[in-house]
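Below is one structure, written out as structure tokens; comments come after it.
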Amino acid sequence: MANAPDPIGARRARLEALRERGVDPFSATRFEVTAHAADLSVRYADLTSGPPAEDAPEWALAGRIMSVRGQGKVIFADLADRTASFQLFIRLDNLSAEAFEVFRELERGDIIGARGPVFRTKAGELSLSVTGFEVLAKSLQPLPDKWHGLQDVEKRYRRRYVDLIVNRPVLDVMIARSRIIAEMRRFIDAHGFFEVETPTLVTVAGGAAARPFLTHSNALDIPLSLRIATELYLKRLIVGGMERVYEIGRIWRNEGIDRTHNPEFTMLELYAAFWNVRDMMSFNEDLMAHLARSVHGSETALYRGDAISFATPFRRLGYLEAFEEYGGLSRDQLLDADACHHLLHDFGIPESPSHSHALDKLFERIVEPHLIQPTFVYGYPVVLSPLAKRMKDDPLLTERYELFAANMELANAFTELNDPDDQRRRFELQAIEKAAGDHEVPPPDWDFVTALEYGLPPTAGIGIGIDRLVMMLTGNESIRDVLLFPLQRPLPPGDDDEAEAEEQT
RNA sequence: GCACCGCUAGCUCAAUGGUAGAGCAGUUGACUCUUAAUCAAUUGGUUCCCGGUUCAAGUCCGGGGCGGUGCACCA
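Quick note: the first sequence, position 239, residue 263 per this note's numbering, numbers continuous.
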């Protein structure tokens, strides 16, 4: 213990050394930042090598020291802020001897603010010639390898903050996610929608087919679920006369976890009175194209080696036509429950508990693999769509589409069913499926039927999984890589971390 | 839930069943234009855990933990 190398102990010793020089790294409360690294790189892109001009303006940068290259009476350091990193040039001649000694006590990971003019070194690197600096926080933990960063996937998820520090592309993805959502709001707001917030704690988790998380209210002493969709509440607001509403919110589904599923995820749901599914389709493709352009920089996103073009208009493909085209299957085979189960057998797919389930499995197998470029698949069978309005000239199908790209479902939209009697019958039918063993079928929400009885205007609605959209636009193939803190099983007790028993000096 | 793969120093990775190693980080020193700085010296291990086989286990076997991928599940 006496001679064992101890990186954290060494850093604590450095902390004491700073304090002995009258610098307490944890006493600073603010620092006036006047520039970010990326801004300076652009502003001084054409600067030629040489010492800074007499009248060169001083800038103040703040961030984390990512590397230090000491060279006697000159020190080079890289300071990273949220935009990029920028080289600091510290020379004894430009500072007091005391300040220079303080800088020599700093190390990789520490957070400082630095002031000085920008110049370009002989080696051609744009740099801040430091005339003054403040220590803003000391890092007591050693950072991972400066070249390889943090590779261990598990550690990256569990300690995302370290991942963000040392793996710049991760920070870029998370910033892109933030911008995608912000840009989405801007676009939607510009079309006259109100953003609303509906309950996440509900007594009936409806609006989708999924198993909910269960919880309990102490005050009311009743069981509660976390919502699995926002749909039924948002449509109540259309009944209430809000006309155009949307919610970007967290949804919880107590189901499997894999590359494309996290138990909590973010969904946009949006409803517009007096629109039908065709109106929604064009709104949908305009939104996608806009996001791709403004956030991704181009209408084309590279995903799994495919160049996905979000240039409008997207391809339109009928649901039944798709089966005909890719599998040679007929309408009669698909819309008949018994024939459909035979098809499952023909394709070697395990038994399904219901007609709707069977259709989904078949679609997944036969059609989905072909949907690379953005495609609206429209005209879903009514058995698959308990909340969608039937087609006027084909009552077995609904005015519903799903948007696919790169074999992933990106959006689901339909003209909303507003006939309360039809809605009631479909809920009753679902109740039978639930009784037959389909766990994912939600319990009927009878108050929703009552709401429809007050009168829901013709309305189109859409749901877009934000996480998968971000995956698509940032080229990530795992949902965990677009979530800041994906759910991880907790480590066994004691395995958690070093339990630092050091107290004495 | 099932299958496969992974887990070795703070980080990235080595090690035909035969003394656990390297680079980076750390520590000490030198250096006034470096940028994976360089040079010299140097520290560092419950090989995820428990048990077994063996003269000998990081390595083989059994059980467990955590993670990743695939399948199942998830309209």
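Just so you know, even glycine gets a beta-carbon here, dropped at the ideal spot from N, CA and C. Given the structure is predicted, the values throughout are model-derived calculations rather than measurements.
Put simply, the backbone Cα of Phe400 is about 18 Å away from that of Gly351.
Cβ-Cβ separation between Ala363 and Asp370: approximately 10 Å, too far for a contact (criterion under 8 Å). Arg283 is a Cβ neighbour of Ser502, given a cutoff of 8 Å. In this structure, the alpha-carbon of Gly280 lies about 18 Å from that of Ala229. Distance from the Cα of Gly216 is smallest, within the candidate group Gly156, Ile272, Ala296, for Ala296. Ranked by Cα distance from Val142, the first of Ile136, Ile135, Val154, Glu131 is Val154. The three-state reading of DSSP puts His365 in helix, counting H, G and I together. For Arg201, the enclosing alpha helix (DSSP H) covers residues 192-213. Contact between the segment 386-394 and the segment 409-424 is absent, with fewer than three C-beta pairs closer than 8 Å. If you keep only unbroken alpha helix (DSSP H) runs of at least 4 residues inside the segment 107-142, you get 121-128. In the assembly as shown, Lys162 is a buried residue. Its beta-carbon has 16 or more other beta-carbons within 10 Å. DSSP places Asp356 in the helix class (H, G or I) of the three-state scheme. Rounded to the nearest angstrom, the gap between the Cα atoms of Leu116 and Lys97 is 6 Å.
Leu493 is the residue among Arg43, Ile99, Leu493 whose C-alpha sits nearest the C-alpha of Leu427. Comparing alpha carbon positions, the residue from Gly231, Thr72, Leu42 closest to Thr145 is Thr72. Listed as beta-bridge partners of Val465 by DSSP are no residues whatsoever. Between the C-alpha atoms of Leu383 and Tyr257 there is a straight-line separation of about 28 Å. Residue burial annotation: Glu457 is buried, with at least 16 other C-beta atoms found within 10 angstroms of its C-beta. Leaving aside the five residues that flank Gly87 on each side, the residues in its chain whose CB is nearer than 6 Å to its CB run, in chain order, Leu103, Ala104, Asp105.
Here Ala361 has His379 as same chain residues with Cβ atoms under 6 Å from its own Cβ, once five neighbours each way along the sequence are excluded. Taken in chain order, the complete beta strand (DSSP E) segments of 3 residues or longer contained in the segment 420-480 are 424-429, 432-439. Going by beta carbons, Ala437 and Gly485 fall inside the 8 Å limit. A distance below 6 Å between beta-carbons, with the five flanking residues on each side excluded, links Ile136 to the following residues of its chain, in chain order: Phe157, Val159, Leu160. Looking at Gly140, Asp245, Pro49, Tyr181, the one whose alpha-carbon comes closest to that of Leu515 is Tyr181. In the structure shown, Leu64 adopts helical secondary structure according to DSSP, grouped into three states.
Closest option to Leu480, judged by alpha-carbon separation, among Arg268, Val57, Ser202, Met90: Arg268. The Cβ atoms of Val506 and Val263 lie no closer than 8 Å to each other.
Close CB contacts of Ala232 within its chain, under the 6 Å cut and outside five residues either way in sequence, are with Ile252, Ala253 (chain order). Trp276 and Asn286 have their C-alpha atoms spaced approximately 9 Å apart.
Residue environment: Thr53 is assigned as exposed (fewer than 16 neighbouring CB atoms within 10 Å of its CB, all protein chains considered). Following the DSSP letters along the chain, one finds His381 inside the alpha helix (DSSP H) bounded by residues 379-390. Taking C-beta atoms under 8 Å as the contact rule, Val92 and Arg132 qualify, at a distance of about 6 Å. Judged by DSSP in its simplified three-state form, Thr224 adopts coil rather than helix or strand. Within the same chain, Cβ atoms closer than 8 Å to the Cβ of Ala80 are found at Pro141, Val142, Phe143, the five residues on either side in sequence being excluded. The Cβ neighbour count for Asp469, taken over all protein chains shown within 10 Å, is at least 16; the residue is labelled buried. Closest option to Lys259, judged by alpha-carbon separation, among Met496, Glu392, Thr483: Thr483.
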